[in-house]
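Chemist: In the working numbering, the protein residues as written are 4 to 434.
Virtual Cβ for every residue (Gly too), placed ideally from N, Cα, C.
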Amino acid sequence: MASPRILIIGGGAGGLELATRLGKQLGRKNRAQITLIDRNSTHIWKPLLHEVATGTLDVDIDQVTYRAHASSHYFEFQLGSLIGLDRESREVILAPLTDEAGEEVLSERRIGYDYLVLAIGSISNHFNTPGIQENCIFLDSPEQAKRFHRRLLEAYIKLNSPKHPKENLNIAIVGAGATGVELSAELHHAARELNQYGFTEMRRDRLKITVVEAGPRILPALPERIAAAAHKELTKLGVDVRVATKVTSANENGLMLGDEELPADLMVWAAGIKAPDFLKDLAGLENNRLNQLLVLPTLQTTRDSQIYVIGDCAGCPLPDNKWVPPRAQSAHQMADHVAKNLIAALEGKPQSSYLYRDHGSLISLSRFGTVGSLMGNLVGGAMMIEGRIARMAYISLYRMHQVALHGWFRTIMISVIGRINKIIRPRLKLH
Ligand SMILES: Cc1cc2nc3c(=O)[nH]c(=O)nc-3n(C[C@H](O)[C@H](O)[C@H](O)COP(=O)(O)OP(=O)(O)OC[C@H]3O[C@@H](n4cnc5c(N)ncnc54)[C@H](O)[C@@H]3O)c2cc1C
Numbered sequence: 004m005a006s007p008r009i010l011i012i013g014g015g016a017g018g019l020e021l022a023t024r025l026g027k028q029l030g031r032k033n034r035a036q037i038t039l040i041d042r043n044s045t046h047i048w049k050p051l052l053h054e055v056a057t058g059t060l061d062v063d064i065d066q067v068t069y070r071a072h073a074s075s076h077y078f079e080f081q082l083g084s085l086i087g088l089d090r091e092s093r094e095v096i097l098a099p100l101t102d103e104a105g106e107e108v109l110s111e112r113r114i115g116y117d118y119l120v121l122a123i124g125s126i127s128n129h130f131n132t133p134g135i136q137e138n139c140i141f142l143d144s145p146e147q148a149k150r151f152h153r154r155l156l157e158a159y160i161k162l163n164s165p166k167h168p169k170e171n172l173n174i175a176i177v178g179a180g181a182t183g184v185e186l187s188a189e190l191h192h193a194a195r196e197l198n199q200y201g202f203t204e205m206r207r208d209r210l211k212i213t214v215v216e217a218g219p220r221i222l223p224a225l226p227e228r229i230a231a232a233a234h235k236e237l238t239k240l241g242v243d244v245r246v247a248t249k250v251t252s253a254n255e256n257g258l259m260l261g262d263e264e265l266p267a268d269l270m271v272w273a274a275g276i277k278a279p280d281f282l283k284d285l286a287g288l289e290n291n292r293l294n295q296l297l298v299l300p301t302l303q304t305t306r307d308s309q310i311y312v313i314g315d316c317a318g319c320p321l322p323d324n325k326w327v328p329p330r331a332q333s334a335h336q337m338a339d340h341v342a343k344n345l346i347a348a349l350e351g352k353p354q355s356s357y358l359y360r361d362h363g364s365l366i367s368l369s370r371f372g373t374v375g376s377l378m379g380n381l382v383g384g385a386m387m388i389e390g391r392i393a394r395m396a397y398i399s400l401y402r403m404h405q406v407a408l409h410g411w412f413r414t415i416m417i418s419v420i421g422r423i424n425k426i427i428r429p430r431l432k433l434h
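Here it is, written out as structure tokens:
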């Protein structure tokens with residue numbers, strides 16, 4: 004009898020960990036055929052995208068190549084972009100694959116499954132604010148982060164020249180959640196480094212960063228004390244933080260804040276997320292208002308028990324009527340849980356319920372500090388950590404993801420190589 008087919012769509016924080024684990028536990032012994040599909044050929048952990056955007060992280064060094072990873076972890080990888088689902092025939096529909104010139108390499112395809120896991124993440128939610136789509140950069144994918152980096156370098160080249168001796172570089176970031184706050188601190192760090200690498204005319208005081216937040220304070224999802232500490236650090240760096248300020252539109256010159264115009268050369272929208280729009284009409288599955296697919300506590304969709312959803316695209320209710328937050332730690336926990344439930348399903352055992360555990364939140368202010376809370380559920384988010392301990396905890400989040408993918412030994416080797424690279428390579432990606 005052919006082994007059951009488990010198909011995972013999306014190889015991000017959740018999907019790649021799941022494929023790796025199922026490959027080791029089921030694929031290796033031919034107990035199931037595991038296939039991962041992603042629209043990209045390589046994986047980079049999404050919480051690092053603001054570092055890609057500023058050049059402090061070189062995506063070419065830190066990315067994982069799916070095909071190579073799959074071949075050593077007992078699963079198959081296919082490049083493709085999900086566009087539809089046929090629940091009756093149990094097949095997913097993938098968009099035609101085209102090359103750089105737009106020529107079709109593969110036509111539209113269907114791939115069958117016995118169990119399907121959707122892990123395609125989220126995209127920025129601009130709430131149909133006029134001009135945002137056309138004028139702002141989003142940090143949803145490595146390509147977008149790289150685009151921001153290119154534009155940042157181009158602006159530095161221009162403003163460093165004697166033709167523009169006094170012009171400032173105005174960067175506006177919409178949304179003071181983790182992404183907006185971390186990006187603004189990282190940009191200050193990058194500015195210091197760029198100065199060291201020959202951009203001597205483009206002094207740091209010519210970089211003007213404004214963070215605009217509609218809510219009454221920054222980091223709305225985090226405890227007030229952490230937000231206050233982060234706000235203080237940003238102000239020390241010279242970031243103009245504007246709370247209770249709504250962006251009403253954007254144009255090529257900047258943002259409109261009601262009647263006031265905020266001039267900006269580069270604009271980043273990081274104010275909220277939603278699941279991709281096509282999930283709204285995906286084969287009759289149920290959604291919430293963020294397009295996330297509704298799941299039962301077992302993480303199976305409410306209307307089809309053969310389909311599981313994990314990570315940012317899952318609408319998983321919490322007992323207090325809120326939703327499991329779209330975070331890397333949620334994706335990690337859900338991947339872990341679905342692996343257990345899939346193995347149970349194959350063994351004819353009952354499905355168990357997922358319980359979200361808030362292990363706290365950490366905000367990296369680049370080299371200027373890290374603040375956060377640990378064990379949110381256990382101590383009500385009250386245990387605030389700062390400085391070295393917070394930095395170590397922040398780095399360990401990524402290390403845990405690497406351990407889930409590569410195991411302890413290889414993760415230690417990767418971090419040693421990372422340290423060596425810090426000595427022998429430029430501290431910033433400069434091209
Ligand atoms: C700049 C930034 C900083 C962040 N910092 C933190 C942090 O400090 N802590 C934290 O907990 N969270 C943080 N997050 C949030 C965190 O990154 C996400 O919650 C997490 O990555 C969600 O994991 P996921 O597996 O659901 O989706 P993702 O990691 O986004 O992966 C989705 C995958 O699906 C693929 N995909 C998408 N659409 C398709 C399609 N149609 N067909 C095939 N493949 C598809 C994508 O290529 C991607 O590989 C941050 C996010 C950003 C952008």
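In terms of residues, what are the limits of the alpha helix (DSSP H) holding N163?
Modeler: Unbroken alpha helix (DSSP H) run through N163: 145-163.
Chemist: Please state whether the Cβ-Cβ distance between A253 and E216 is less than 9 Å.
Modeler: The answer is no: Cβ separation not under 9 Å.
Chemist: Nearest-angstrom Cα distance between D315 and A334?
Modeler: So the alpha carbons of these two residues sit roughly 7 Å apart.
Chemist: So what's K432 in DSSP terms, helix, strand or just coil?
Modeler: DSSP places K432 in coil when its eight states are reduced to three.
Chemist: Is any heavy atom of ligand 1 found at a distance shorter than 8 Å from the C-beta of G318?
Modeler: G318 Cβ: outside cutoff for every heavy atom of ligand 1.
Chemist: Grouping DSSP H, G and I as helix and E and B as strand, with all else coil, what is S355?
Modeler: Reduced to three states, the DSSP call for S355 is coil.
Chemist: Considering only the beta carbon of each residue, do L39 and G14 sit closer than 9 Å?
Modeler: Result yes, Cβ atoms of L39 and G14 sit closer than 9 Å.
Chemist: Nearest CA to the CA of T248: which residue from P219, E79, I276?
Modeler: The residue with the shortest Cα to Cα distance from T248 is P219.
Chemist: Do you know how far the Cα of S355 is from the Cα of I398?
Modeler: Between I398 and S355, the C-alpha separation is close to 31 Å.
Chemist: Cα separation between L237 and A194?
Modeler: Taking the straight line from one Cα to the other gives about 15 Å.
Chemist: Smallest Cα separation from D361: which of W326, N256, S187?
Modeler: The shortest C-alpha separation from D361 is found at W326.
Chemist: I want to check one thing, is the minimum distance from the CB of H53 to the heavy atoms of ligand 1 below 8 Å?
Modeler: Yes; taking the cut-off as 8 Å, the Cβ of H53 has a heavy atom of ligand 1 nearer than that.
Chemist: When the distance is taken between beta carbons, is G241 closer than 9 Å to I276?
Modeler: Result no, Cβ atoms of I276 and G241 do not sit closer than 9 Å.
Chemist: Just reading off the beta strand (DSSP E) that Y77 is part of, what are its end residues?
Modeler: Taken as a continuous stretch (DSSP letters only), Y77 belongs to no beta strand (DSSP E), as it is neither H nor E.
Chemist: Beta carbon of L400: closer than 8 Å to some heavy atom of ligand 1?
Modeler: Yes, since a heavy atom of ligand 1 falls inside the 8 Å radius drawn around the Cβ of L400.
Chemist: Starting from Y311, trace the beta strand (DSSP E) both ways and give me its first and last residue.
Modeler: Unbroken beta strand (DSSP E) run through Y311: 307-312.
Chemist: Put G26 into one of helix, strand or coil per three-state DSSP.
Modeler: Looking at G26 - three-state DSSP - the assignment turns out to be helix.
Chemist: Check whether the stretch 335-346 and the stretch 156-164 touch, using three or more Cβ-Cβ pairs below 8 Å as the test.
Modeler: Touching, no, given that fewer than three Cβ pairs across the two stretches are closer than 8 Å.
Chemist: For S125 and P165, I'd like the C-alpha separation in whole angstroms.
Modeler: Cα-Cα distance, rounded: 43 Å.
Chemist: Compute the beta-carbon to beta-carbon distance between A224 and P328, rounded to the nearest angstrom, for a pair I have assumed lies under 8 Å.
Modeler: 7 Å between Cβ atoms; contact.
Chemist: When DSSP labels each residue in this structure, what does E350 get in the three-state scheme?
Modeler: Three-state DSSP puts E350 in coil, outside helix and strand.
Chemist: Identify every residue that forms a DSSP beta bridge with S127.
Modeler: DSSP output for S127 lists I276 as bridge partner(s).
Chemist: What did DSSP end up calling I2 once you bin it into helix, strand or coil?
Modeler: The structure shown does not extend to residue 2, since the chain is modelled only from 4 through 434, so no value can be given for it.
Chemist: Less than 8 Å separating the Cβ of S294 from some heavy atom of ligand 1?
Modeler: Here residue 294 is Asn; the residue named in the question, Ser, does not match the sequence. Checking every heavy atom of ligand 1 against the Cβ of N294, none is found closer than 8 Å.
Chemist: I'd like to confirm the pairing. Which residues does DSSP put opposite D89 in its beta bridges?
Modeler: For D89, which the question treats as bridged, DSSP gives the partners E94.
Chemist: Since R112 is in the beta strand (DSSP E), which residue starts that stretch and which ends it?
Modeler: Element bounds for R112: 112-115.
Chemist: Taking the alpha-carbon positions, what's the L296 to S74 distance?
Modeler: Taking the straight line from one Cα to the other gives about 31 Å.
Chemist: Is S333 near ligand 1, with its Cβ less than 8 Å from a heavy atom?
Modeler: Yes, ligand 1 has a heavy atom inside 8 Å of this Cβ.
Chemist: Taking buried to mean at least 16 other C-beta atoms within 10 Å of its own C-beta, is S432 buried or exposed?
Modeler: Strictly speaking, residue 432 in this sequence is Lys, with Ser absent from that position. K432 should be labelled buried.
Chemist: Assuming I427 and V120 form a contact by the criterion Cβ under 8 Å, report the distance between their Cβ atoms to the nearest whole angstrom.
Modeler: The Cβ separation is near 40 Å, so there is no contact.
Chemist: By Cβ distance, which residues of its chain are closer than 6 Å to F141, with the 5 residues on each side in sequence left out?
Modeler: Hits under 6 Å: S127, Q147, W272.
Chemist: Any contact between the stretch 389-407 and the stretch 78-91? By contact I mean 3 or more CB pairs, one from each, below 8 Å.
Modeler: No: the two stretches stay apart, fewer than three of their Cβ pairs being nearer than 8 Å.
Chemist: Please confirm whether M259 and C139 have their CB atoms less than 9 Å apart.
Modeler: Cβ distance not < 9 Å, so M259 and C139 don't count as in contact.
Chemist: Tell me which residues share the same chain as L109 and place their Cβ nearer than 6 Å to its Cβ, disregarding the 5 neighbours each side in the sequence.
Modeler: Answer for L109: L100, listed in chain order.
Chemist: CB L85 to CB R113, shorter than 9 Å?
Modeler: Not a contact, by the Cβ cut-off of 9 Å.
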